[in-house]
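Chains as they are written, first to last, in the numbering used here: chain A, 1 to 171; chain W, 1 to 344; chain G, 1 to 102.
Note that CB positions come from ideal geometry on N, CA and C, so glycine has one too.
Every value quoted in this text rests on a predicted model; they were computed, and no experiment measured them.
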Amino acid sequence: MVSLVIPSDISFVVLTAVTIIGAIIALQAKELIYGAVALAISFIGVAGFFTLLDAPYLAMLQISIYVGAVVVLILFTIMLVRREQGEETNPRTDTPEGSMGIWLAGLLAIAISGVVALAGTSLPTETPASNLTVSDLGPALTLQYPVPLIVLALLLSASLLGALVLAKVER
Amino acid sequence: MVVFPPTTPAELIALIIRIITSHTFITIVIFPGFIHLTLVVIFLTWYERKLLARIQLRIGPLYAGGPGGLLQPLADGVKLIFKEVMVPYKASKPLFMGIPLMLVVLSAVPFAVIPFGQHWVIANIDVGLVFVFAMTSLFPSMILIFAWASNSKYPFLGGVRSLFQQVVYEIPMWMSTLSVVLLAGSLNLVDIVNAQEKMWFIVPAFFSFAVFFIAIMAELERLPFDLPEAEPELVAGWYTESSGAIFMLIFMGLYMKLYLMSSLVTVLFLGGWWGPAFLPQPVWFIIKTLIVATFIIIPRGVYPRIRVDMLIKIGWTRLLIIALGNIFLTIILINSGLLASWGI
Amino acid sequence: MVALTSYLIVSAALLGIGIYGLTVKRNAIRLLFAVEIIVNAANLNFAAFTRYMNPPQISGQVIVFYSIAAAAMEAAVGLALILVAFRLNSTIDVKKLNKLKG
């Protein structure tokens, strides 16, 4: 039987490119809305990573919450906060905190990558056999970790009320 | 003998024939894949015009050719392809051209998980229902971006209205499917249909069916939830500035979404492909889906447009409460054992 | 087969991009983009580790579930704050939003 299985290496490389390039464009694009679209594409890339990591429910959740709700909120805010002049007059690269930020970001990323790469064989290279399914998430959420669930509900109500109060127009 | 990679032309032909007749290729390209989707979407445009015409005591498309004007969508397509695509002044060209294509793609992708028969499903994933949810939740943001990219006030107003409406009605839509998931015990769409072998889920989850039906009419922006496309006010809503091939793509995307929502209703509530055995399973599925699509199209010729405050009130309060009530009712029904004779 | 280190390097790269965005950019909405990128990097990290454990645990997925929900809420409140700041100061340039009064 002819099998056309795409090896996971190719999809990993493609997803890495999509995610990282999307994140870079999101921060560097001139127009904020192009940045928001690139951010949405980057989120879809991360959802693809979740699918590769045998967490399909998380991938769907990532798409529906991040791209479906957070990006919509961001788009609304961008449209309500329009300014006449250009978006970025001069970024803070010349100031001390700007250049320190670039050094910090670069060195941190390289340091973490170096540590991880040097760990070598102590980190697993083969995916272990997994018999986790989607239906294992339910009992884990409600029976094993019920307190974070209730705290999350309270947090949701608090943030809902907070956003409502903040965005109310003063008369 | 099929050899990969092929070395002689005979082996190449054998490989091609083997691929074309494989089940995967048939499901992706022919049924329920590209060809079937395109044909059904084209048929639905004709069907809607004929149905609305009969409701409004006229005849509808008649002269384009074929019996009863069946080639009318073909004539429409050819006309739209040859029309000039006008991009508005200072509109953002990549977004303006790219998003209608994304709309069609996004309406077509959830069909990969919808089962048309016991083995007629392209991808039998364990989270099928949540996959459809994720894909439909991408629509409001794309419509908003397209409306913004049109750089004109009618589309922008229409896009904001459409975003509000779709975001509000997404919640009762997916809360009402929770009753179905409880009854079936799985998020997999094939399992949900298999659990309806003895009794369709419309019987124990009738209120959920009602809520879902109303919510998808609002999702599809059909009358009476026609506010984003209010013709006397907004010309054509968020796709005012689209013309030619762009409009054709958006049109196809909208009708594909109609077909998608109708087939969702069939899968979740009307027993999918189960029916007496004298017709094959996919035929039963398509018959049920077309009946649901008929009932979605009919209110367009009958009801007036709903007001925006009534829209929000119905979406946030009434439908959500009915859906939640039905979830509780389902839990009571399951635990009381009344549904045991039907295998739940 | 993809090794665990590849996922961690992608996560570290996203973290670097996010920190760059947080420190260098002046537009408040871009700072929010950067925060969301950092949260995504952390979620990816959790999901990768929980898959490569032997035997794989479900608790990593639970953590990511909560993290996605909490980050969505934080984005909502953050955007409301940006709206209020714009309404009061007519600018969202964080260099200019340096007075607590008003």
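Rounded C-alpha distance that separates residue i from residue j
{"i": "Gly325/W", "j": "Leu270/W", "result": "21 Å"}
{"i": "Val5/A", "j": "Ser186/W", "result": "With a pLDDT of 45 at Val5/A, under the threshold of 50, the predicted position of this residue should be treated as unreliable, though the coordinate-derived value follows. Cα to Cα, Val5/A sits roughly 27 Å from Ser186/W."}
{"i": "Arg51/G", "j": "Phe49/A", "result": "12 Å"}
{"i": "Gln166/W", "j": "Leu106/W", "result": "15 Å"}
{"i": "Met86/W", "j": "Leu157/W", "result": "20 Å"}
{"i": "Leu70/W", "j": "Phe43/W", "result": "8 Å"}
{"i": "Met60/A", "j": "Ser59/G", "result": "18 Å"}
{"i": "Ile28/W", "j": "Val134/A", "result": "26 Å"}
{"i": "Gln196/W", "j": "Thr142/A", "result": "28 Å"}
{"i": "Ala147/W", "j": "Ala3/G", "result": "43 Å"}
{"i": "Asn124/W", "j": "Pro5/W", "result": "29 Å"}
{"i": "Gly98/W", "j": "Trp342/W", "result": "48 Å"}
{"i": "Ala153/A", "j": "Val180/W", "result": "24 Å"}
{"i": "Val348/W", "j": "Phe251/W", "result": "Nothing can be reported for residue 348/W: it is not among the residues displayed for chain W, which extend from 1 to 344."}
{"i": "Ile312/W", "j": "Trp103/A", "result": "50 Å"}
{"i": "Ile19/W", "j": "Phe25/W", "result": "7 Å"}
{"i": "Val190/W", "j": "Gly33/W", "result": "17 Å"}
{"i": "Val193/W", "j": "Leu58/A", "result": "24 Å"}
{"i": "Ile306/W", "j": "Arg49/W", "result": "22 Å"}
{"i": "Ala167/A", "j": "Pro140/W", "result": "22 Å"}
Chain-order list of residues whose beta-carbon lies under 8 Å from that of residue i (same chain, five-residue window excluded)
{"i": "Ile82/G", "result": "Ala28, Ile29, Leu32 and Ile92"}
{"i": "Ser67/G", "result": "Val39, Ala42, Asn43 and Phe46"}
{"i": "Trp46/W", "result": "Pro61, Gly69, Leu70, Gln72 and Pro73"}
Where residue i sits in the DSSP three-state scheme
{"i": "Asp136/A", "result": "helix"}
{"i": "Asn40/G", "result": "helix"}
{"i": "Asp187/G", "result": "No answer is possible for residue 187/G: it lies beyond the span of chain G, which begins at 1 and ends at 102."}
{"i": "Asn27/G", "result": "strand"}
{"i": "Asn54/G", "result": "coil"}
{"i": "Val121/W", "result": "coil"}
{"i": "Asn151/W", "result": "coil"}
{"i": "Tyr239/W", "result": "helix"}
{"i": "Asp191/W", "result": "helix"}
{"i": "Gly185/W", "result": "coil"}
{"i": "Trp284/W", "result": "helix"}
{"i": "Leu39/W", "result": "helix"}
{"i": "Phe76/A", "result": "helix"}
{"i": "Leu83/G", "result": "helix"}
Residues that residue i contacts on chain W, provided the C-beta gap is smaller than 8 Å
{"i": "Ala40/A", "result": "Ser141"}
{"i": "Gly68/A", "result": "Ala134, Ser137, Leu138, Pro140 and Ser141"}
{"i": "Val71/A", "result": "Ser141"}
Spatial neighbours of residue i in its chain, beta-carbon cut-off 6 Å, leaving aside the 5 residues before and after
{"i": "Val211/W", "result": "Pro172, Ser176, Leu319, Ile322 and Ala323"}
{"i": "Phe207/W", "result": "Ile322 and Asn326"}
{"i": "Gly86/A", "result": "With a pLDDT of 49 at Gly86/A, under the threshold of 50, the modelled position of this residue cannot be trusted; read the value that follows with caution. Closer than 6 Å at the Cβ level, and outside the excluded window around Gly86/A, lies no residue."}
{"i": "Val151/A", "result": "none"}
7 Å Cβ shell around residue i - same chain, five flanking residues per side excluded
{"i": "Val130/W", "result": "Leu187"}
{"i": "Gln281/W", "result": "Gly117, Gln118 and Trp273"}
{"i": "Ala40/A", "result": "Val67 and Val71"}
{"i": "Tyr255/W", "result": "Val41, Leu44 and Thr45"}
{"i": "Ile20/A", "result": "none"}
Partners in chain A for residue i, counting only beta-carbon separations shorter than 7 Å
{"i": "Asn89/G", "result": "None at all; the shortest Cβ gap to chain A is about 11 Å."}
{"i": "Leu187/W", "result": "Val134"}
{"i": "Val130/W", "result": "Tyr57 and Met60"}
{"i": "Val64/G", "result": "Leu58"}
Option nearest residue i by Cα separation, candidates the options
{"i": "Pro73/W", "options": "Thr38/W, Phe96/W and Pro88/W", "result": "Thr38/W"}
{"i": "Val23/G", "options": "Ile150/A, Asp136/A and Gly98/A", "result": "Note that residue 23/G is Thr in the sequence shown here, rather than Val. Comparing Cα positions, the closest option is Gly98/A."}
{"i": "Gly18/G", "options": "Ile24/A, Gly114/A and Ala111/A", "result": "Ile24/A"}
{"i": "Phe295/W", "options": "Leu52/W, Val121/W and Glu241/W", "result": "Leu52/W"}
{"i": "Leu249/W", "options": "Thr136/W, Phe96/W and Val127/W", "result": "Phe96/W"}
{"i": "Leu222/W", "options": "Trp284/W, Gly275/W, Pro299/W and Ala277/W", "result": "Per the sequence shown, the amino acid found at residue 222/W is Arg instead of Leu. Among Trp284/W, Gly275/W, Pro299/W and Ala277/W, the Cα nearest to that of Arg222/W is on Pro299/W."}
{"i": "Ala134/W", "options": "Lys153/W, Val113/W, Ser150/W and Tyr154/W", "result": "Val113/W"}
{"i": "Thr77/A", "options": "Leu12/W, Glu11/W, Leu144/W and Ile35/W", "result": "Leu144/W"}
{"i": "Ala36/A", "options": "Ala69/A, Ala129/A, Ser130/A and Pro56/A", "result": "Ala69/A"}
{"i": "Leu220/W", "options": "Ser242/W, Arg161/W and Ala245/W", "result": "Arg161/W"}
{"i": "Ile214/W", "options": "Gly315/W, Leu329/W, Arg58/W and Val302/W", "result": "Gly315/W"}
Proximal chain A residues relative to residue i, where beta-carbon distance stays under 9 Å
{"i": "Ser150/W", "result": "None at all; the shortest Cβ gap to chain A is about 13 Å."}
{"i": "Val127/W", "result": "Pro56, Tyr57, Ala59, Met60 and Val134"}
Neighbour list for residue i in chain W, Cβ cutoff strictly below 9 Å
{"i": "Pro139/A", "result": "Within chain W, no residue comes near Pro139/A; the closest Cβ sits about 14 Å away, beyond 9 Å."}
{"i": "Met79/A", "result": "Leu144, Trp148, Phe156 and Val160"}
Chain A residues whose Cβ lies nearer than 8 Å to that of residue i
{"i": "Val84/G", "result": "Leu166 and Ala167"}
{"i": "Val10/G", "result": "Thr16, Thr19, Ile20 and Phe49"}
Proximal residues of chain G, C-beta to C-beta of residue i below 9 Å
{"i": "Pro174/A", "result": "Only positions 1 to 171 of chain A appear in the structure, and residue 174/A is not among them; the question remains open."}
{"i": "Ala17/A", "result": "The premise fails here: Ala17/A is roughly 10 Å from chain G at the closest Cβ pair, so nothing lies under 9 Å."}
{"i": "Val37/A", "result": "Within 9 Å Cβ-Cβ: nothing; Val37/A doesn't reach chain G, min ~11 Å."}
Interface residues of chain G facing residue i [CB-CB closer than 7 Å]
{"i": "Pro148/A", "result": "Tyr66"}
Neighbour list for residue i in chain W, Cβ cutoff strictly below 7 Å
{"i": "Leu152/A", "result": "Within 7 Å Cβ-Cβ: nothing; Leu152/A doesn't reach chain W, min ~17 Å."}
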